[in-house]
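S.K.: Our numbering puts the sequence shown at residues 12 to 303. Pasting a structure here, questions to come.
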Amino acid sequence: MFRGQQIRVLLLNDMERLERTLFRLEQGFELQFRLGPTLQGKSVHVHTDYPAHGKRFVGSSFRRLEWVNPSGREDDSDKYCKLDLEIAGSYQYYFGCGNEERTGGGYIVVDPVLRVGHERKILPLDCITVQTYLAKCLGPLDEWLDRLRVAKETGYNMIHFTPLQKLGLSRSCYSIADQLELNPDFSPPGKNYTWMDVGNLTEKLKKEWNVICITDVVYNHTASNSKWIRLHPECGYNLVNSPHLKPAWVLDRALWHFSCAVADGKYSDSGLPSLIENEKHITVSLEAVTAF
């Protein structure tokens, strides 16, 4: 499946925290954790959230790696524990000595192997050129090919879509009302497209156009009218779990009440109409809000 296994060695040193260092590795590599000079002769345990063979990734689940001692010698010079990197993604590792749970750690990133065309040729990561499309502006799904063809004909080999889920009241590209529901705007009258239809379209682009498709989701942009956030308000910022936001909330409410008063014409006698249209109105509104 891969281009040949290679071994990469990561030396562990006591109290060395590498959370801000990026270790990029390729699928098919074998990663060996070996003890650096500061850990020789100590009882070290290594843990990772990289899943065991045949298991699914669970970010909060760590497992302890077994040490391999090829020579059987009592010293730690050739002792190591390893990971066979077959699943792309970002993973964490940490290690400790004796009863100390964590004395160091860091992260590794396993790059994906991207394949395109009917022959499944590898698309090198350093050869990717990406074009972003605002998904909400693409219209019905059956019209996407015509609109995306521009990217293909101009040489792009990857298309990035903003979230494809149902959007919230603000209509912002990343403000999602339902993380599981496809945006209904993609279905013209009389049709009801599903995630399977989106998958078929992206598969067509990959095989026939040699173009990979990606999308992303920013969960802290959940829409205010999302049913999920109403059921789980603890997942969002509020005055209970984030009391430091109270001054901002008070100011926001004051501005909201002032805006309602302006819209109701309560400041018309002060020269501020309900519809602000020019710079003079803005100046008057600033004076009014100061006195509000």
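Positions of the beta carbon are idealized from the N, C-alpha and C atoms, including for glycine.
1) On the criterion of 16 or more Cβ atoms from any shown chain inside 10 Å, does residue 101 qualify as buried, or is it exposed?
2) Grab me the residues of residue 88's own chain with a C-beta within less than 7 Å of its C-beta, minus the 5 sequence neighbours each way, in chain order.
3) For residue 189, report the span of its beta strand (DSSP E) as first-last.
4) Output the distance between the C-alpha atoms of residue 98 and residue 29, rounded to the nearest integer angstrom.
5) Please report how far the alpha carbon of residue 71 lies from the alpha carbon of residue 270, in whole angstroms.
6) Restricting to runs no shorter than 4 residues, where is the alpha helix (DSSP H) found entirely within the stretch 205 to 247?
7) Should residue 290 go down as buried or exposed, given a rule of 16 or more other Cβ atoms within 10 Å for buried?
8) Helix, strand or coil, according to DSSP, for residue 184 in the structure here?
9) Need the endpoints of the alpha helix (DSSP H) that residue 270 sits in, please.
10) What are the boundary residues of the beta strand (DSSP E) that residue 349 is part of?
11) Would you mind sorting residue 175 into buried or exposed? The rule is 16 or more other CB atoms within 10 Å of its CB.
12) Mind pulling the beta strand (DSSP E) runs of 3 or more residues that sit fully within the stretch 84 to 124?
13) Are residue 94 and residue 61 touching if we call contact CB-CB under 8 Å?
14) Does the Cβ of residue 193 have 16 or more other Cβ atoms within 10 Å, making it buried, or fewer, making it exposed?
15) Alpha carbon to alpha carbon, what distance is there between residue 179 and residue 242?
16) Would you identify the three-state DSSP class for residue 49, choosing helix, strand or coil?
17) Roughly how many whole angstroms lie between the Cα atoms of residue 103 and residue 74?
18) Whose CA, out of 82, 145, 240, 63, lies closest to the CA of residue 227?
19) Whose C-beta lies closer than 8 Å to the C-beta of residue 54 among residues of the same chain, with five residues either side of it excluded?
20) I'd like the list of long-range same chain contacts for residue 128, defined as Cβ closer than 7 Å, with 5 residues on each side in sequence excluded.
21) In whole angstroms, what separates the C-alpha of residue 244 from that of residue 139?
22) Quick check on residue 23: does DSSP put it in helix, strand or coil?
M.R.: Considering the structure as presented:
1) exposed
2) none
3) 187 to 193
4) 22 Å
5) 45 Å
6) 206 to 219, 238 to 242
7) exposed
8) coil
9) 257 to 274
10) No answer is possible for residue 349: it lies beyond the span of the chain, which begins at 12 and ends at 303.
11) buried
12) 91 to 95, 100 to 108, 115 to 122
13) yes
14) buried
15) 16 Å
16) helix
17) 11 Å
18) 145
19) 108, 109
20) 218, 221
21) 40 Å
22) strand
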